[in-house]
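Colleague: In terms of our numbering, the sequence shown is numbered consecutively and its last residue is 787. Glycine included, each C-beta is placed from N, C-alpha and C at the ideal position. None of the values given here were measured: they were computed from a predicted structure.
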Amino acid sequence: MDIILGIILYAEMFLLGFCTWRARTASKKAGRIVYYYCGLSFICSIFFAIYTYVPQLAIKDFSKGITFICFDWLLILLMLYTEYYTGLFKGIRAIKYITYVYAMIDSVSLFANTWTHHIFEYQYVDNAERAMRIVHNYYLFDLHFIVNYLFMIMVILSYLIMILRSSKFYRFRYEVVFIVIFVGFILDLSSMYSHFLYNISMLAFGCMSILIYYFTLEYVPNMLIENTMSLVIKDMNNGIVCFDNSGKCIYTNELIQKLYDTDGNVEILEQKYHKWLHTTDQVKDAMQFRFSVKKEEAEKTYEVTYKRIYDDKQNWICDCFIFNDRTEEIASLEYERYRASHDSMTGLLNKEQFYQDVYELIHQNPDKKYCLVCSNIKDFKFVNELFGMEKGDTVLLRQAELMREYTPKGTLLARMQNDRFAMCLPRKDLREDVVHKAIFKLQEETQNSAFRMHIFVGVYDITNIEEPISIMCDKANLASTTIENDYHSDIAFYSKNLFDRSIEERRIIGEFEGALNRKEFVMFLQPQVNAKGELYGAEALVRWQHAQRGLLSPAMFIDVLEKAGLIYKLDRYIWESAAQKLKEWKDKGAEQYHISVNISTKDFYFVDIYETFTGLIEKYDICPDRLNLEITETALMSDFDKNMEILKQLREYGFKIEIDDFGSGYSSLNMLKDISADVLKIDMGFLRASENEAKGMDILESIIILAGKLGMDVITEGVEMKKQFTMLSNMGCGIFQGYYFSKPIPTNEFEDKYHIFNV
């Protein structure tokens with residue numbers, strides 16, 4: 029029996045030493061506690077061996093006392109281990125302090141027992157030197173074990189509580205430790221109160237220490253990790269499949285099984301293994317590739333991450349493929365890319381993408397002739413104002429549809445901005461008749477009695493593929509502006525003359541501010557006379573007395589300043605010049621004549637019309653009815669309600685309002701009922717269209733009569749021939765303006781010709 033006990037004891041000592049050595053590197057708190065626990069158990073086993081095999085009574089008393097001391101501190105470590113493992117004692121410091129105090133007092137008492145024998149002592153049994161028994165007729169001995177067993181019971185109950193509380197997944201970790209501690213407790217208890225001569229309590233505690241090490245640091249963590257990873261891999265959104273070094277499938281999760289409909293037959297995956305492995309020309313230890321799988325009439329795109337696994341000796345263990353479903357991500361990226369490159373309303377390319385695609389197209393086909401076509405809708409803002417934004421959007425969508433319908437496949441189509449569109453196609457595929465047809469169709473679908481849409485198109489033949497695409501578009505747009513006011517044309521081609529004109533426009537814009545400051549702009553007056561040729565008033569017009577180029581007509585700069593948004597500065601200059609001249613006439617006794625000045629569309633945006641004109645009246649102390657205000661129907665329509673309110677206020681102040689170019693607008697007769705004006709000016713374009721037509725003459729005469737009934741005077745401008753003058757006089761028109769009477773002339777000539785100061 030001694031030999032068997034010795035073998036077991038020394039084997040246990042060896043295992044405790046091994047466990048202590050293995051646990052020394054543990055980083056977690058539980059690992060450190062296990063390290064101390066196993067180390068103390070190892071020390072305890074040494075003293076237990078001394079106690080068991082050394083016959084001297086004094087040594088037995090000492091070694092047994094040390095063993096009991098070790099048991100006290102093992103109990104404390106077990107309590108700390110339980111606190112960490114279950115979390116039940118956290119925050120209950122009183123239990124810890126009581127345990128520490130008890131252990132220290134008991135340790136001192138047990139150490140002193142070697143000499144005092146106040147707790148226990150040993151004696152031989154039946155004169156056998158190895159057969160000993162402990163004599164403990166002392167209450168301190170019983171107290172020692174009662175306290176220790178109470179703490180053991182408390183620890184055991186802690187694990188029992190955690191077993192009842194925990195989920196099935198974590199229950200095993202508590203069940204294992206509970207069984208180990210409970211069995212150790214029973215063995216120790218039975219050893220203490222049995223009549224067996226050999227005390228096996230140390231064997232029980234040593235075995236418990238070894239099992240705690242194993243289940244805490246080896247088996248349970250690995251099992252939990254394995255179970256956790258198994259559940260995670262099973263339910264994760266990524267697919268995983270692993271093959272051994274012979275190409276046999278050793279693992280696959282449910283997603284891969286569903287994706288390839290394996291139904292338990294992994295050979296399907298093994299057949300694809302080599303295809304996946306050789307996706308690239310060279311097999312690497314790690315790589316990524318992407319492929320698509322059609323599943324239930326839906327295509328899914330997967331990004332596959334491949335990794336070859338080696339052990340610590342660099343032996344090839346297996347190959348793993350992780351499938352990441354990128355379908356939604358790719359769809360989202362494609363959608364964002366589409367949004368970044370296409371117009372959200374029409375689905376056509378946007379400006380930036382159009383530039384890029386045109387560049388690539390013409391460089392990929394350098395020997396092929398291409399042209400760039402840009403279109404614009406004249407005064408498109410009126411569509412929104414007259415019919416609403418929804419109608420405006422419908423027009424833009426319809427234009428995009430017609431562009432797709434009437435252009436050959438492969439044509440690059442774009443909405444550049446607002447109502448501006450562009451396309452690039454082979455020059456041989458551009459047919460003017462098709463362009464006319466598409467424009468006519470769009471006009472026909474949107475035309476009504478109040479508005480006729482004018483679409484003008486510019487074409488640029490690409491001759492130099494290295495030229496910036498934006499410049500090409502500018503040239504096409506430049507061509508389109510040449511027919512902006514020509515309602516009989518809808519397509520124009522870029523030429524060198526247009527480029528020269530563009531340079532000229534930039535020159536005018538660059539010189540404008542300086543010329544205005546130097547007062548190079550001069551007011552000319554064109555007389556307005558009655559049927560007898562008597563002076564009625566004048567219209568203020570402008571000429572540019574250029575320092576180097578001489579006198580420039582308004583045709584050379586007015587439209588340029590209009591497009592550049594600078595016309596309001598010139599208008600204000602002429603308004604002030606007219607007010608100054610009226611002041612001069614007033615001071616010299618010629619107050620009966622008026623001067624009419626023009627208000628441009630842009631003036632309403634950049635100038636406070638009411639404040640400006642009333643300010644001029646007050647500044648120069650002139651009568652407001654001497655400074656007549658001419659405004660076109662187009663200018664009124666830019667913001668009809670607001671502009672009409674301004675005109676109403678000006679009339680109330682005393683100004684006379686003249687509607688210029690009446691008959692050339694969108695709804696001339698319809699507007700008469702809403703316009704608060706004093707004079708209608710009929711432009712020559714209407715007269716020329718009506719001159720030789722009886723119906724046209726009837727309409728013209730009706731307008732003159734209607735104006736009279738509305739209390740409005742009529743001025744016909746652009747009268748160049750006597751027969752026009754005679755015809756208009758017979759119709760009842762009383763005021764005339766045009767070259768038949770006088771061209772615009774400088775103010776001093778005007779004053780001399782009409783004897784302004786001699787009246």
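If you measure between the beta carbons of I14 and I238, is that distance less than 8 Å?
Modeller: For the chain, the structure presents residues 29 to 787; residue 14 sits outside this window and is missing.
Colleague: Measure the C-alpha to C-alpha separation of E254 and C346 and round it to an integer number of angstroms.
Modeller: Within the sequence shown, numbered from 1, the residue matching residue 254 stands at position 226. Within the sequence shown, numbered from 1, the residue matching residue 346 stands at position 318. Here the model assigns E254 a pLDDT of 47, short of 50, so the residue's position is not dependable, and the following value carries that caveat. Spanning the two alpha carbons is a distance of roughly 18 Å.
Colleague: Considering only C-alpha positions, which residue in the set N671, F468, V487 and N281 is nearest to M481?
Modeller: Counted from its first residue, the sequence shown places residue 481 at position 453. The candidate whose alpha carbon is nearest that of M481 is F468.
Colleague: Determine, using beta carbons only, whether I268 and I337 come nearer to each other than 8 Å.
Modeller: For the purposes of this step, residue 268 is identified with residue 240 of the sequence shown, where counting begins at 1. For the purposes of this step, residue 337 is identified with residue 309 of the sequence shown, where counting begins at 1. Not a contact, by the Cβ cut-off of 8 Å.
Colleague: Tell me the DSSP bridge mates of P496?
Modeller: One-based indexing of the sequence shown puts residue 496 at position 468. Note: P496 sits in no beta bridge, so no partner.
Colleague: If you draw a straight line from the alpha carbon of I296 to that of D371, how long is it in whole angstroms?
Modeller: Taking the sequence shown and counting its residues from 1, one reaches residue 296 at position 268. Taking the sequence shown and counting its residues from 1, one reaches residue 371 at position 343. Spanning the two alpha carbons is a distance of roughly 46 Å.
Colleague: Assuming L657 contacts F634 (C-beta within less than 8 Å), just tell me the rounded distance between them.
Modeller: Translated into the one-based positions of the sequence shown, residue 657 becomes position 629. Translated into the one-based positions of the sequence shown, residue 634 becomes position 606. About 16 Å separates the CB atoms of L657 and F634; that is not less than 8 Å, and the two are not in contact.
Colleague: Within 8 Å, do at least three Cβ pairs link the stretch 612-621 to the stretch 655-672?
Modeller: no
Colleague: Thinking just about the alpha-carbon of each residue, which of L377, D489, M132 and D706 is nearest to the one in A450?
Modeller: For the purposes of this step, residue 450 is taken as the residue at position 422 of the sequence shown. Closest option to A450, Cα to Cα, is L377.
Colleague: Enumerate in chain order the residues of its own chain whose CB-to-CB distance from R432 is below 8 Å, with the five nearest sequence positions on each side excluded.
Modeller: Position 404 of the sequence shown holds residue 432. Taken in chain order, the residues that qualify are L441.
Colleague: Quick test of your reading: Q573 and V550, contact by CB under 8 Å. State the CB separation rounded to the nearest angstrom.
Modeller: By one-based count along the sequence shown, residue 573 stands at place 545. By one-based count along the sequence shown, residue 550 stands at place 522. At roughly 5 Å, the Cβ-Cβ gap stays under 8 Å, so Q573 and V550 are in contact.
Colleague: Rounded to whole angstroms, what's the CA-CA distance from I87 to T80? Just pull it up for me.
Modeller: The residue given as residue 87 occupies position 59 in the sequence shown. The residue given as residue 80 occupies position 52 in the sequence shown. Pairing I87 with T80, the inter-Cα distance amounts to about 10 Å.
Colleague: Kindly provide the ranges of any alpha helix (DSSP H) runs that are 4 or more residues long and lie completely inside the stretch 426-481, ordered along the chain.
Modeller: 460-474
Colleague: Assuming Y383 is part of the alpha helix (DSSP H), what are its boundary residues?
Modeller: For this step, residue 383 is matched to residue 355 along the sequence shown. Per DSSP, Y383 belongs to the alpha helix (DSSP H) from K379 to Q392.
Colleague: Measuring straight from C-alpha to C-alpha, what distance separates P496 and D502?
Modeller: Taking the sequence shown and counting its residues from 1, the one referred to as residue 496 is at position 468. Taking the sequence shown and counting its residues from 1, the one referred to as residue 502 is at position 474. Between P496 and D502, the C-alpha separation is close to 10 Å.
Colleague: Considering only the alpha carbon of each residue, which of W49, G438 and D447 lies closest to Y838?
Modeller: In the structure as shown, the chain starts at 29 and stops at 787, and residue 838 therefore has no counterpart that could be examined.
Colleague: In angstroms, rounded to a whole number, what distance separates the CA positions of I763 and Q576?
Modeller: Mapped onto the sequence shown, residue 763 falls at position 735. Mapped onto the sequence shown, residue 576 falls at position 548. Computed Cα separation, rounded: 38 Å.
Colleague: Could you give the DSSP three-state label for S666: helix, strand or coil?
Modeller: Along the sequence shown, one-based indexing puts residue 666 at 638. Assignment of S666 by DSSP, reduced to helix, strand and coil, places it in the coil class.
Colleague: Just the Cα atoms here: how many angstroms apart are Y187 and A77?
Modeller: Numbered from its first residue, the sequence shown carries residue 187 at position 159. Numbered from its first residue, the sequence shown carries residue 77 at position 49. Each residue's Cα considered, the two are about 31 Å apart.
Colleague: Just to confirm, is the Cβ distance from L458 to V411 under 8 Å?
Modeller: Locating residue 458 in the sequence shown gives position 430, counting from the first residue. Locating residue 411 in the sequence shown gives position 383, counting from the first residue. No, the Cβ-Cβ distance between L458 and V411 is not below 8 Å.
Colleague: Work out the CA separation of E472 and F778 for me, nearest whole Å.
Modeller: Position 750 of the sequence shown, counted from the first residue, corresponds to residue 778. Position 444 of the sequence shown, counted from the first residue, corresponds to residue 472. Those two C-alpha atoms are separated by around 48 Å.
Colleague: So what's S320 in DSSP terms, helix, strand or just coil?
Modeller: On the sequence shown, position 292 is the one that residue 320 refers to. Note: S320 maps to strand in three-state DSSP.
Colleague: Looking only at DSSP bridge pairs, what is M551 linked to?
Modeller: Here the question's residue 551 lines up with position 523 in the sequence shown. Beta-bridge pairing links M551 to V570.
Colleague: Nearest to K709 by CA position, among M236, Q765 and I733, is which residue?
Modeller: The count along the sequence shown starts at 1 and reaches residue 709 at position 681. For K709, the nearest C-alpha among the options comes from Q765.
Colleague: Which term fits Y38, buried or exposed, when burial requires 16 or more other beta carbons within 10 angstroms of its beta carbon?
Modeller: The residue given as residue 38 occupies position 10 in the sequence shown. Exposed, since its Cβ has fewer than 16 Cβ neighbours within 10 Å.
Colleague: Touch check for the stretch 510-525 and the stretch 727-744: three-plus C-beta pairs under 8 Å?
Modeller: no
Colleague: Would you be able to state if there are at least three C-beta pairs under 8 Å between the stretch 62-77 and the stretch 90-110?
Modeller: yes
Colleague: Is it true that the stretch 138-149 meets the stretch 93-106, where meeting means three or more beta-carbon pairs spaced less than 8 Å apart?
Modeller: yes
Colleague: On the DSSP bridge assignment, give the partners of P582 in chain order.
Modeller: Translated into the one-based positions of the sequence shown, residue 582 becomes position 554. Paired residue(s): none; P582 is not in a bridge.
Colleague: Where does F408 sit, in a helix, a strand or coil, going by DSSP?
Modeller: Translated into the one-based positions of the sequence shown, residue 408 becomes position 380. Three-state result, F408: coil.
Colleague: Nearest to K701 by alpha carbon, out of D726, L734 and Q285?
Modeller: Start at 1 with the first residue of the sequence shown, and residue 701 comes out as number 673. Selected option, being the one with the closest Cα: L734.
Colleague: Using only the alpha-carbon positions, how far apart do C761 and P772 sit?
Modeller: In the sequence shown, the residue the question calls residue 761 occupies position 733. In the sequence shown, the residue the question calls residue 772 occupies position 744. About 21 Å.
Colleague: Determine the closest residue to N492 out of T329, E661, C399 and S605, with distance taken between C-alpha atoms.
Modeller: By 1-based counting over the sequence shown, the position of residue 492 is 464. Out of T329, E661, C399 and S605, C399 has the C-alpha closest to the C-alpha of N492.
Colleague: I'd like the list of long-range same chain contacts for F213, defined as Cβ closer than 7 Å, with 5 residues on each side in sequence excluded.
Modeller: Mapped onto the sequence shown, residue 213 falls at position 185. So the qualifying residues of the chain are M180 and I184.
Colleague: Buried or exposed: Q427, going by 16 or more other Cβ atoms within 10 Å of its Cβ?
Modeller: The residue given as residue 427 occupies position 399 in the sequence shown. The residue in question, Q427, is buried, as its Cβ has 16 or more Cβ neighbours within 10 Å.
Colleague: Give me the Cα-Cα distance between R448 and H783, rounded to the nearest whole angstrom.
Modeller: For the purposes of this step, residue 448 is taken as the residue at position 420 of the sequence shown. For the purposes of this step, residue 783 is taken as the residue at position 755 of the sequence shown. Between the C-alpha atoms of R448 and H783 there is a straight-line separation of about 53 Å.
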